[in-house]
Amino acid sequence: MAYQDEYLRSLTHPEAFWAEKAAALPWFVPPKNILSQDEQGIHRWFADGQMNTAYMALDHHVNEGCGEQKALIYDSPVTGAKGYFTYQQLRDQVALFAGVLKQQGVEKGDRVVIYMPMVPEAVIAMLACARLGAIHSVVFGGFAPHELALRIDDARPKLVISASCGIEVNKVIEYKPMLDAAIERAKHKPERCILLQRPEVPADLMPGRDLDWHEEMAQASPAECVPVAATDPLYILYTSGTTGKPKGVVRDNGGHAVALHYSMQAIYAMRPGEVFWAASDVGWVVGHSYIVYGPLLAGCTTVMFEGKPVRTPDAGAFWRVAQEYGVKALFAAPTAFRAIKKEDPDGKLIQNYDLSRLETIFMAGERLDPATFDWTVTHTGKPVVDHWWQTETGWAICANMMGLEPKPIKPGSATLPVPGFDVQILDAHGKPLAANQQGAIAIKLPLPPGCLPTIWGNPQRFEAGYLHDYPGYYCSGDGGYKDEEGYVFVMGRTDDVINVAGHRLSTGEMEEILAAHPAVAECSVIGIQDDLKGQVPIGLVLLKDGVQVDENELQRDLIARVRGEIGPIACFQQAIVVQRLPKTRSGKILRKLLRQIADGQSYQVPSTIDDPASLQEVEQIMADKGLVRRSGG
1 MAYQDEYLRS LTHPEAFWAE KAAALPWFVP PKNILSQDEQ GIHRWFADGQ
51 MNTAYMALDH HVNEGCGEQK ALIYDSPVTG AKGYFTYQQL RDQVALFAGV
101 LKQQGVEKGD RVVIYMPMVP EAVIAMLACA RLGAIHSVVF GGFAPHELAL
151 RIDDARPKLV ISASCGIEVN KVIEYKPMLD AAIERAKHKP ERCILLQRPE
201 VPADLMPGRD LDWHEEMAQA SPAECVPVAA TDPLYILYTS GTTGKPKGVV
251 RDNGGHAVAL HYSMQAIYAM RPGEVFWAAS DVGWVVGHSY IVYGPLLAGC
301 TTVMFEGKPV RTPDAGAFWR VAQEYGVKAL FAAPTAFRAI KKEDPDGKLI
351 QNYDLSRLET IFMAGERLDP ATFDWTVTHT GKPVVDHWWQ TETGWAICAN
401 MMGLEPKPIK PGSATLPVPG FDVQILDAHG KPLAANQQGA IAIKLPLPPG
451 CLPTIWGNPQ RFEAGYLHDY PGYYCSGDGG YKDEEGYVFV MGRTDDVINV
501 AGHRLSTGEM EEILAAHPAV AECSVIGIQD DLKGQVPIGL VLLKDGVQVD
551 ENELQRDLIA RVRGEIGPIA CFQQAIVVQR LPKTRSGKIL RKLLRQIADG
601 QSYQVPSTID DPASLQEVEQ IMADKGLVRR SGG
């Protein structure tokens, strides 16, 4: 009953519960005011506590005698570079770069935009900002100038930290021209840019504005940690919104540190000195929480991988890294494993590596379809833990608590709510629904530590976007249900529910059925407009490598499967084979964009798209099949 006791205590005595978790961290001034409300009525955690996140993540471990332990392992198959930093080495580099920033006038509360590839200097820059009490905003390296300019205007940074280039599979992306174009477009002009010169493509520096990273480090003096309030912002991270204006999720220092430190042991079963690998990017929330801050706060060793799950050099990349560094827990998005499954459908490359030290594989970021779950479990022999969280929460809302009390796994479920998250399934009127009834997933206030307290510069947007629909709750924007044992099944964004002749149907459920077909590597189901039924679903399917199949026969088979599982009310009558599915760089399929194309609506290609050509290919295929409505038709 360890989980049940812990969970109930977190809801019935939240202040005592979180005071206990906070006491495990080295505060400068330990908090006594555990839960309070600010002038806007927003709940805040540890308001009177004084601390510094970089101190908790680095200096504290050095002071405790762990300075020689590896803190950060860097592995870059795209350049061939490998290396590591001990806790003392990383602390010293962070202190030195904090000195560089301080020399440029960066102070507590100032914003710094970080626009970098997956290199250790990105981690050093983030922690150096935290050391000074400055607020970092990491923008995914390679974002288009327009999108970078929007973020510069919203955050109004004192300076920008970047690199000369990023390196992808078989291509080099020059960052400096995009950075220059973004600053040219932006109304706000940063005072300085600090550039890390990479040997693949050095950049021309602009006199008077641009500084060379290595030159500045060579003449810098280390800076000490600046005490901040627990409620002071640590970072701003921009996420997609319903308007064109980027939405800056704010993360505070205190709640963030307490939540991530707790999660490393309770969810991921990690202990100090063990190796944790989040195969993500520092530009995403997973990278913030579990490449940088979570593992270091917990005294673990974290892996930073500048590569891909496939083609760097092959679909065995993940297993090679896991073996080489003794990874205990691997965390990546389902799309990464679907890519591996597509190129190595029989899992033959897995057999080349010793995965005896790998205990658990965690997945999040999108729905984990049962086909991907089954493939990964079957071919690795490892437990696969699906857990659900959002950029806004910063850590898992629902998970199988592997360090507390592992529960039986149910494919398709993110298991149970994490302590602190009072997860409810609500109907359209905000009333709780019974077991196995689908509705909106909401979290009863207060949100636990680590979740966003506001949107940067726009508290009204926070209220309207998250708190308005269901008073007293945070609205997740996802739909799903709980079963009779309380397991939570997240079926997708609420706008992925389609209405077919009055029947509300989940496209996620249909995707599960299609993905279970032995020829299908990946799929997406979208609802398109229909004059008779309102909406009807169509499937876009990607075949496994090497599979030869008659498309008409495949379509008949998939239609029969959906009809057999859901019934004729689904009106599923079309499945189209595509070569690629348009996705964001974090691996999410751009379903809304596909719906807009099919419905003949005007659309804007998002800056987060990974491969614009994939969208053009799918649009052409849909048009050839007569699935694109004519404007006004």
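Each residue of the sequence shown is one higher than the one before, starting from 1 at the first, in full-length UniProt numbering. In this text, a Cβ means the ideal position worked out from N, Cα and C, and glycines have one as well.
When the Cα of residue 348 is compared with those of 332, 380, 366, 356, which residue comes out closest? Here residue 348 refers to the residue found at position 348 when the sequence shown is read from its first residue. The shortest CA-to-CA distance from residue 348 to any of 332, 380, 366, 356 is the one to 380.
Beta-carbon within less than 6 Å of residue 319's beta-carbon, same chain only, minus the 5 sequence neighbours each way: which residues are those? Looking up residue 319 in the sequence shown gives position 319. Annotation for residue 319: 350, 353 place their beta carbon closer than 6 Å to its own, counting only its chain and skipping 5 residues before and after.
Member of 506, 619, 604 whose CA lies at the smallest distance from the CA of residue 146: Within the sequence shown, the letter at position 146 stands for residue 146. Of the listed residues, the one whose Cα sits closest to residue 146 is 604.
Under the DSSP definition of a beta bridge, which residues are partnered with residue 247? Counting from one through the sequence shown, the residue named residue 247 turns up at place 247. DSSP, once it has assigned bridges, lists 239 as partnering residue 247.
Do residue 627 and residue 558 have their C-beta atoms within less than 8 Å of each other? Locating residue 627 in the sequence shown gives position 627, where the first residue counts as 1. Locating residue 558 in the sequence shown gives position 558, where the first residue counts as 1. Cβ distance not < 8 Å, so residue 627 and residue 558 don't count as in contact.
Runs of beta strand (DSSP E) lying entirely within the region 359–422, each at least 3 residues, in chain order: As summarised for the region 359–422, the continuous beta strand (DSSP E) elements at least 3 residues long and confined to that stretch are 360–363, 384–386, 396–399, given in chain order.
Alpha-carbon to alpha-carbon, residue 339 and residue 242: Taking the sequence shown and counting its residues from 1, the one referred to as residue 242 is at position 242. Taking the sequence shown and counting its residues from 1, the one referred to as residue 339 is at position 339. Only weak support exists for where residue 242 lies, its pLDDT of 48 falling under 50; the value from the coordinates is given anyway. The alpha-carbon atoms of residue 242 and residue 339 are separated by roughly 29 Å.
Under the DSSP definition of a beta bridge, which residues are partnered with residue 540? In the sequence shown, counting from the first residue as 1, residue 540 sits at position 540. Its beta-bridge partners are 524, 576.
Compare the beta carbon distance of residue 237 and residue 292 with 8 Å and say whether it is the shorter of the two. To locate residue 237, count along the sequence shown from 1; it is residue 237. To locate residue 292, count along the sequence shown from 1; it is residue 292. The answer is no: Cβ separation not under 8 Å.
Going by beta carbon distance, what residues of the same chain come within less than 6 Å of residue 269, once the five residues before and after it are set aside? Working through the sequence shown from its first residue, we reach residue 269 at position 269. 402, 403.
Residue ranges of each beta strand (DSSP E) within the region 258–295, 3 or longer: Runs found: 275–278.
What would DSSP say about residue 614, mapped onto helix, strand or coil? Start at 1 with the first residue of the sequence shown, and residue 614 comes out as number 614. Helix.
Return the chain-ordered list of same chain residues with a C-beta closer than 7 Å to the C-beta of residue 87, the five sequence neighbours on each side being excluded. Counting from 1 along the sequence shown, the entry for residue 87 is found at position 87. 58, 61, 62, 66, 67, 69, 71.
Option in 204, 76, 314, 307 with minimal Cα separation from residue 176: Taking the sequence shown and counting its residues from 1, the one referred to as residue 176 is at position 176. The candidate whose alpha carbon is nearest that of residue 176 is 204.
Opposing strand residues paired with residue 127 [DSSP bridges]: For the purposes of this step, residue 127 is taken as the residue at position 127 of the sequence shown. Residue 127 pairs with nothing; no bridge assigned.
Whose C-beta lies closer than 8 Å to the C-beta of residue 382 among residues of the same chain, with five residues either side of it excluded? Counted from its first residue, the sequence shown places residue 382 at position 382. If the five residues before and after residue 382 are omitted, its C-beta is found closer than 8 Å to the C-beta atoms of 355, 358, 359, 360, 361, 376, all from its own chain and listed in chain order.
Nearest-angstrom Cβ-Cβ length linking residue 106 and residue 136, presumed shorter than 8 Å: Indexing the sequence shown from 1 puts residue 106 at position 106. Indexing the sequence shown from 1 puts residue 136 at position 136. In fact, because the Cβ distance is near 10 Å, the residues do not count as touching under 8 Å.
Alpha carbon of residue 561 to alpha carbon of residue 568, nearest angstrom: Position 561 of the sequence shown, counted from the first residue, corresponds to residue 561. Position 568 of the sequence shown, counted from the first residue, corresponds to residue 568. Straight-line Cα distance between these residues: approximately 11 Å.
Tell me whether residue 125 is buried or exposed, calling it buried when 16 or more other Cβ atoms sit within 10 Å of its Cβ. Walking along the sequence shown from the start, residue 125 turns up at place 125. Its Cβ being crowded by 16 or more others within 10 Å, residue 125 is buried.
Just to confirm, is the Cβ distance from residue 393 to residue 257 under 8 Å? Counting from one through the sequence shown, the residue named residue 393 turns up at place 393. Counting from one through the sequence shown, the residue named residue 257 turns up at place 257. Cβ distance not < 8 Å, so residue 393 and residue 257 don't count as in contact.
Could you please give the first and the last residue of the uninterrupted beta strand (DSSP E) stretch that includes residue 171? Along the sequence shown, read from residue 1 onward, the residue named residue 171 stands at position 171. Secondary structure note for residue 171: its beta strand (DSSP E) is the uninterrupted segment 171–174.
Excluding sequence positions up to five away, which residues of its chain have a Cβ less than 7 Å from the Cβ of residue 171? Stepping through the sequence shown from its first residue, residue 171 is reached at position 171. Excluding positions up to five away in sequence, the list is empty.
Residues that DSSP places opposite residue 456 in a beta bridge: Mapped onto the sequence shown, residue 456 falls at position 456. Partner(s): none; residue 456 has no beta bridge.
If you draw a straight line from the alpha carbon of residue 186 to that of residue 261, how long is it in whole angstroms? Translated into the one-based positions of the sequence shown, residue 186 becomes position 186. Translated into the one-based positions of the sequence shown, residue 261 becomes position 261. One C-alpha to the other measures close to 37 Å.
On the three-state DSSP scale, how would you describe residue 624? Here residue 624 refers to the residue found at position 624 when the sequence shown is read from its first residue. Correct three-state label for residue 624: helix.
For the alpha helix (DSSP H) that residue 554 lies in, which residues bound it at each end? Numbered from 1 along the sequence shown, position 554 holds the residue referred to as residue 554. Looking at the DSSP string, the run of the alpha helix (DSSP H) that includes residue 554 is 551–565.
Whole angstroms is fine: what's the gap from residue 475's alpha carbon to residue 169's? Start at 1 with the first residue of the sequence shown, and residue 475 comes out as number 475. Start at 1 with the first residue of the sequence shown, and residue 169 comes out as number 169. Taking the straight line from one Cα to the other gives about 38 Å.
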